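As structure tokens, the structure follows; a few thoughts come after it.
Residue numbers (the working numbering): 952 to 1788.
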């Protein structure tokens, strides 16, 4: 079997098949190396007979020994289809859809322009059938050409695979036929001219050098054509276990610098300090794309840059020898452009005391931004460059609002080095340049490396207050300047067939965490933050782009060292959603379904099926254990909660109505009584508003917390604070389940006409004698719920729409329970408890 067919067949797990033969004119469209002497070419259309193809040659003069067709089935797997006579065969291989949890029992359909997309789900005509081939199952569906291309004039159609549960399977990154629809969704394209008979392998008579660019040349009667040969699969497998960055030896007598730059033709290092004269030296290649320089002496505190040179052959490289590159492993940076600072890890040390964070099921998280929290605190009035030291001082002060609110975890918006130009600039931090260094933006004296000790002290301050620290980390794209781009664009980023960045993040580039050294960079930085700063966990921004396989590696490496670390994913991107596929992991996921449902629920615009589902911790599709869902109703993105649900015009809730406030109380009762891990946004408890603004990532004025509203809406703040304290107390344990409860745990008494509900917790007494009765009415009128009086025997009320108190609270006006019917006032909340321990 020709070498490339064996490699592809081994990868996919089943044998290659025989070719067919005919011929058609075509042109070279794409070429890619598979191994050091073998590559593949994709043509613009079919070419049925390799023997009649014009001769191919390499620009370097390396001879091509043979050209053989890649079988249509194998070529079709990465495209999602191939042609077989007058039929189109749709084919799905699970190895290319590793972001999705597909099993042999999965029901998969093909949906597209030709069958109404959504209407195809559940239609047996468009269901793929499982087929055992070699080591793996594949799914196939054969459809007549005329059913897919409905008229002779149709040259291309878009399609996608989807499960019976309406989970749309995002196109695999290997696919070269991805197209975007008008909403930015990625689909696959089927082309009449590319039928699976348009991909060939070529085998050279000797290995080629990946550090030198190569072109494939095709002679035609009219002119000579050429196309770059991309490095492809071979390059993406390179890995080295060596420690990267700047490393001071344990005895302090040597400093080693290492950089992974697999296609570079040379790497140099420039270093200097007040005591060390500026020098520029060459690094030597040592192994697997790694370059190294060893200095006799301790360079701790020195500044340094790397410079990488190579040949720019196509759009997959961006070498610029004059560009100073910030070390991706730098432990401290002077700014977004560098230079890096050598940090002696031997003297850097570890946190003074290891904090024991609560179990994820016992967390109540506040999402916060460093400057939002303290920008309007009087003691910092007029200070433009608030940072780690200021926030630590506030956390240790008696007027820290987070301590009063009672949350036991904060999720800090990104604090790794990000690309704000000036220290006084406001920035959310989601454009990171380095993943090891705390942001120089928040340091008193960045050039001294003060950010390292200042951030560690901030973590200590939170821990002293009993608050766990979770970091919002961004590993799906990088900020400007893009230093990894100058090291190796093709290795570190997902590129389209033309060598351009893919952009499913909306931020200009997508990081390729599937490449081993790229994944190592992520894992090493996470371990560094856990080990050396004592943080308690992470929330991964746009984790769908990182991908389930890479996230599983992250999970394994983090859990090996820090088994109790909190791992949370934002499980979507513009490309797709992976919450269902993270169910088999210990990752928790932000629950956008809960967020959207809650906003509709308080306006009485949904049914109670969703209420039951979300109150029970989003079991089945979303979560395998309750804390796997992070329930929230507001985050930094989009409008804040109050502006979203307000009755005021222009979504501006500067002066919220009484009904806005009551709806917010209904929401908080729902959020804090639902199984799962609740997250509140900073200031949400005192009716924060951004005056209707939607995207405020650079607007510090709109985001800064206005603490005058804490006094103005002290009742809402006290209401939320009371619910949090009850939830975290021993009596609140029924809210903090570590495993999904039985169907009999809840008993619901809904208003048959609308969305008012009485929900009894522990109705089956499976968890002792204690029970709760949660009563919510999101309607503007009183609601009557049928429930026998005996169902509430032994209960006493501890919360109403304005207050929660374990000593008891009075029922609201309009509340009654007579003749087997309970009347709930409009926009009301009540919580009752029975069987207290």
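Ideal placement from N, C-alpha and C gives every residue a C-beta, glycine not left out. Because the structure is a prediction, the values reported are computed rather than measured.
Three-state class that DSSP yields for residue i in the structure shown
i: residue 1707; result: coil
i: residue 1145; result: strand
i: residue 1537; result: coil
i: residue 1312; result: helix
i: residue 1515; result: coil
i: residue 1625; result: coil
i: residue 1727; result: strand
i: residue 1236; result: strand
i: residue 1474; result: helix
i: residue 1018; result: strand
i: residue 974; result: Bear in mind that a pLDDT of 40 at residue 974, under 50, signals an unreliable position, so the number given afterwards is only what the model happens to contain. In this structure, residue 974 counts as coil in the three-state DSSP scheme.
i: residue 1681; result: helix
i: residue 1343; result: helix
i: residue 958; result: Reliability of the predicted coordinates at residue 958 is poor, the pLDDT of 49 falling under 50, and no value is obtained from them.
i: residue 1482; result: helix
i: residue 1701; result: strand
Span separating the alpha-carbon of residue i from that of residue j
i: residue 1153; j: residue 995; result: 17 Å
i: residue 1648; j: residue 1586; result: 12 Å
i: residue 1638; j: residue 1661; result: 8 Å
i: residue 1616; j: residue 1465; result: 44 Å
i: residue 1048; j: residue 1079; result: 15 Å
i: residue 1664; j: residue 1260; result: 60 Å
i: residue 1738; j: residue 1771; result: 5 Å
i: residue 1232; j: residue 1489; result: 38 Å
i: residue 974; j: residue 1038; result: Residue confidence for residue 974 is low, a pLDDT of 40 falling below 50, so the modelled location carries little weight; the figure read from the coordinates is stated next. C-alpha separation (whole angstroms): 19 Å.
i: residue 1111; j: residue 1045; result: 14 Å
i: residue 1077; j: residue 1405; result: 59 Å
i: residue 1320; j: residue 1391; result: 16 Å
i: residue 1287; j: residue 1222; result: 17 Å
i: residue 972; j: residue 1266; result: A caution first: residue 972 carries a pLDDT of 35, below 50, which makes its placement in the model unreliable, though a value can still be read off. Cα to Cα, the separation comes out at about 34 Å.
i: residue 1127; j: residue 1050; result: 18 Å
i: residue 1680; j: residue 1355; result: 15 Å
i: residue 1190; j: residue 1442; result: 11 Å
i: residue 1725; j: residue 1575; result: 24 Å
i: residue 983; j: residue 1684; result: 57 Å
i: residue 1116; j: residue 1764; result: 45 Å
Residue from the options whose Cα sits closest to the Cα of residue i
i: residue 1486; options: 1440, 1721, 1383 and 1301; result: 1301
i: residue 1147; options: 1126, 1177, 1250 and 1026; result: 1026
i: residue 1626; options: 1076, 1314 and 1234; result: 1314
i: residue 1230; options: 1213, 1212, 1254 and 1217; result: 1254
i: residue 1540; options: 1532, 1580 and 1345; result: 1580
i: residue 1100; options: 1454, 1121 and 1063; result: 1063
i: residue 1427; options: 1407, 1163 and 1492; result: 1492
i: residue 1420; options: 1071, 1578, 1307 and 1030; result: 1307
i: residue 1729; options: 1557, 1303, 1398 and 1432; result: 1557
i: residue 1236; options: 1210, 1248, 1364 and 1370; result: 1210
Buried versus exposed, by CB contacts within 10 Å (16 or more), residue i
i: residue 1460; result: buried
i: residue 1034; result: buried
i: residue 1706; result: buried
i: residue 1632; result: buried
i: residue 967; result: In this prediction, residue 967 has a pLDDT of 37, which is less than 50 and means its spatial position is unreliable; what the coordinates show is noted afterwards. Buried, since its Cβ has 16 or more Cβ neighbours within 10 Å.
i: residue 1093; result: exposed
i: residue 1334; result: exposed
i: residue 1054; result: exposed
i: residue 1731; result: exposed
i: residue 1598; result: exposed
Proximity below 8 Å, CB of residue i to CB of residue j
i: residue 1722; j: residue 1785; result: yes
i: residue 1276; j: residue 1437; result: yes
i: residue 1240; j: residue 1212; result: yes
i: residue 1317; j: residue 1358; result: yes
i: residue 1114; j: residue 1056; result: no
i: residue 1402; j: residue 1283; result: yes
i: residue 1326; j: residue 1655; result: yes
i: residue 1538; j: residue 1519; result: yes
i: residue 1621; j: residue 1552; result: yes
i: residue 1278; j: residue 1197; result: yes
i: residue 1385; j: residue 1368; result: yes
i: residue 1499; j: residue 1477; result: no
i: residue 1531; j: residue 1572; result: yes
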